[in-house]
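Colleague:
Protein chains in written order, with the numbering used here: chain C, 6 to 382; chain S, 1259 to 1564.
(1) With residue 118 of chain C as the anchor, note down where its alpha helix (DSSP H) starts and where it stops.
(2) Which same chain residues end up closer than 8 Å to residue 1489 of chain S when comparing Cβ atoms and leaving out the 5 residues on each side of it in sequence?
(3) Run down chain C in chain order and give the residues with a C-beta less than 9 Å from the C-beta of residue 1525 of chain S.
(4) Determine the chain C residues that contact residue 1281 of chain S at a beta-carbon separation under 7 Å, and present them in chain order.
(5) Can you list, in chain order, the stretches of the alpha helix (DSSP H) that have 4 or more residues and sit fully within the region 297-364 of chain C?
(6) At the 7 Å Cβ level, is residue 1293 of chain S part of the contact set with chain C, yes or no?
(7) Based on Cα-Cα distance, which residue from C/200, C/236 and C/199 lies nearest to residue 300 of chain C?
(8) Along the chain, where does the alpha helix (DSSP H) that runs through residue 234 of chain C open and close?
(9) If you measure from the beta carbon of residue 1272 of chain S to each beta carbon in chain C, is any gap under 7 Å?
(10) Which stretch, first to last residue, makes up the alpha helix (DSSP H) that contains residue 1297 of chain S?
(11) Buried or exposed for residue 1561 of chain S, going by 16 or more other Cβ atoms inside 10 Å?
(12) Terminal residues of the continuous alpha helix (DSSP H) containing residue 271 of chain C?
(13) Check the Cβ of residue 358 of chain C against every Cβ in chain S and list those closer than 7 Å, keeping chain order.
(14) Closest by CA to residue 142 of chain C, which one among C/333, C/58, C/246 and C/361?
(15) Using a Cβ distance threshold of 8 Å, determine whether the region 1352-1371 of chain S contacts the region 288-307 of chain C, with at least three qualifying pairs required.
(16) Hey, how far is the Cα of residue 231 of chain C from the Cα of residue 310 of chain C?
(17) Are residue 159 of chain C and residue 317 of chain C close, meaning C-beta to C-beta below 7 Å?
(18) Would you please verify whether the beta carbon of residue 83 of chain C is less than 7 Å from any beta carbon of chain S?
(19) Is residue 202 of chain C helix, strand or coil when you go by DSSP?
(20) Could you name the residues of chain C that residue 1390 of chain S contacts, counting a contact when the two beta carbons are closer than 7 Å?
(21) At the 7 Å Cβ level, is residue 347 of chain C part of the contact set with chain S, yes or no?
(22) Give the straight-line distance between the Cα atoms of residue 350 of chain C and residue 1454 of chain S, rounded to the nearest whole angstrom.
(23) Helix, strand or coil for residue 134 of chain C? Go by DSSP, reduced to three states.
(24) Measure the alpha-carbon distance for residue 1557 of chain S versus residue 1491 of chain S and round it to whole angstroms.
(25) Starting from residue 285 of chain C and walking both ways along the alpha helix (DSSP H), at which residues does that stretch end?
(26) Using C-beta distances below 7 Å, list every residue in its chain close to residue 1348 of chain S, excluding the 5 sequence neighbours before and after it, in chain order.
(27) Which of the three DSSP states is assigned to residue 33 of chain C in this structure?
(28) Rounded to whole angstroms, how far is the Cβ of residue 1267 of chain S from the Cβ of residue 252 of chain C, which I believe are closer than 8 Å?
(29) To the nearest angstrom, report how far apart residue 1262 of chain S and residue 1494 of chain S are at their CA atoms.
(30) How about residue 1515 of chain S and residue 1391 of chain S: are their beta carbons less than 7 Å apart?
(31) Residue 62 of chain C: buried (16+ other C-beta within 10 angstroms of its C-beta) or exposed?
(32) Leaving out five residues on either side along the sequence, give the residues of the same chain with a beta carbon under 7 Å from the beta carbon of residue 315 of chain C.
(33) Rounded to whole angstroms, what's the CA-CA distance from residue 1276 of chain S to residue 1446 of chain S? Just pull it up for me.
(34) Taking Cβ-Cβ distances shorter than 7 Å, what residues in chain B pair up with residue 1558 of chain S?
(35) So is residue 219 of chain C buried or exposed if we call it buried at 16+ other beta carbons inside 10 Å?
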């Protein structure tokens, strides 16, 4: 008997007489999940051929029954399958090297003495390993301050804004995905416009809006509210994209989920919280992670609306100037432009380390989340 | 009072997006309109000062309302040149990024040892490339001569390409073509670093190709080449469009975008009216081009459903 029947003896016994009678299995009377034997490849025969032979011999025998075209196709496929991994490795290795160069560069430069820069024999491996440059850069970036510490500022802003933004964008995305109302397409057009319009275009009017908030009674410039308020109203950094992602995601969830909740007397908000949110966990995490990255890397918005509040990317952007004042202004310093790179690279390394750690820990959610969150479809 | 179910659902919809509507009105639509108004103003009307801008609306437009645009396109020594350079660059790099990222996505979608690691590396730019870090590293690396792009490009000796083209006797296009190839190869660093998200999106699309299509193709004996053109490409075609738009938009905010750099320069000079005019005309031109391209691509897109 076939493999099937061994796995499911009862079904086989039931099916056997039927098959004998009509020549083919009578489907309607068969138990569910039963696959007619004709649909299963004949494993038996293949075993007979392969018994006691090497794969090569088996292949030879099989090839005897093929015509020329088929053999040529198989040959080509074989050659391709042999060569391709080598090429693939070369391509990926080369490009991976291009991507990793800056990182290796930062690590190599951040831990060397600045005098190593003048030695042409040193490219990757520093001769004088030191933590001095790192410490100086950390001091210059103000990461040791207790007040207005850029790292703490950025972390608080990042997590706060990202949380607000994820929640509001999810609500908006859900509204667009599941409800029909007048002007929905027009409003969604505005979401698309939010994705398209670069921030540079609206930054100046936005500045005066914040400067004269509440009809000129409140000055919000340099207040952290300039980040929180837009994030709270689903208009933070790249909010349009986030709304878009959430809309696509919620559209992909089965409608029956909500209908069941509605029938049980759940209101729409409760349905959203109790039924949709638990299902969207991975999507939430992905968007949240991306939001953190975007807020972390943003310096345009921060530099437009902050004057004294420092964030990591702002500090990094101004690192050159800060270093000039803090270290190079000294008469003894005598540092060439080429040597300055050491400090700048150290600054880069410091500012991306938290993101790298986050990425290393949650890499799966960054990459697989987007695939599942339904940006496609 | 009983509201019909349909109406009630519509109201709920408005309820869900109401927070966003308020925010968009305040932080997006009004500033957008204002900046549009700036284009048609004389800078003196704006009275920029520390206290922010004097609010202006379209009714305060003067006689000479096109002055900023006239200046930008006729008198400004840099704007038109920058614009042409940037548009040309975008026209070259966008297809390159699309082709490159599709290629990498196809490779990363295959089964091989260390795939997870390779993916982790290729998505790394997504995390770093948007920030000021990219600026510093791309500048520093070029200035120290440890340019990985240059090192990598020796793999594809561009002179050979030149000679091959000349040998083939296509002299007229060879100069331009080899220019393009040259710029791409020497710019491989920028290419790799700016296609992180695109790879991610293509990869997601590739994983949505149904297994049945794959099986059918392999049963029919499709070669990898045929498989790519007949199965892969149609299935990812909607995402080509999305990636195209994303790439173009992304080029706006790139720091090496000359037009935007000039706009920011002018903003620093308090010349807001002119800066707004430049930004808007650039934006409008790009949008028109994107619109045309989208219409063309749309004809070749294969949608599985609907």
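We treat Cβ as the ideally placed atom computed from N, Cα and C, and that holds for glycine.
Keep in mind it's a predicted model, so treat the numbers as computed, not measured.
Modeller: According to the structure shown:
(1) Run containing residue 118 of chain C: none; DSSP gives neither H nor E here.
(2) 1467, 1471, 1472, 1475 and 1480
(3) 205, 208 and 209
(4) Residues of chain C whose Cβ lies closer than 7 Å to the Cβ of residue 1281 of chain S are, in chain order, 235, 238, 239 and 240.
(5) 305-310, 317-322 and 324-328
(6) yes
(7) C/236
(8) 230-237
(9) yes
(10) 1288-1297
(11) A residue is called buried when at least 16 other Cβ atoms come within 10 angstroms of its Cβ; residue 1561 of chain S does not meet this threshold and is exposed.
(12) First-last for residue 271 of chain C: undefined, no H or E at that position.
(13) Simply none; closest approach about 11 Å.
(14) C/333
(15) no
(16) 7 Å
(17) yes
(18) no
(19) coil
(20) 304, 318, 321 and 322
(21) no
(22) 22 Å
(23) strand
(24) 14 Å
(25) No alpha helix (DSSP H) holds residue 285 of chain C; DSSP gives it neither H nor E.
(26) 1506 and 1509
(27) Legend: pLDDT at residue 33 of chain C = 49, less than 50; position of this residue unreliable, no value from coordinates given.
(28) Incorrect: roughly 17 Å between the Cβ atoms, too far for contact.
(29) Taking the Cα positions, residue 1262 of chain S is about 42 Å away from residue 1494 of chain S.
(30) no
(31) exposed
(32) 147, 153, 155 and 158
(33) 45 Å
(34) Absent here is chain B; the protein component of the structure consists of chains C and S.
(35) If you draw a 10 Å sphere on the C-beta of residue 219 of chain C, you find fewer than 16 other C-beta atoms in it, and that means exposed.
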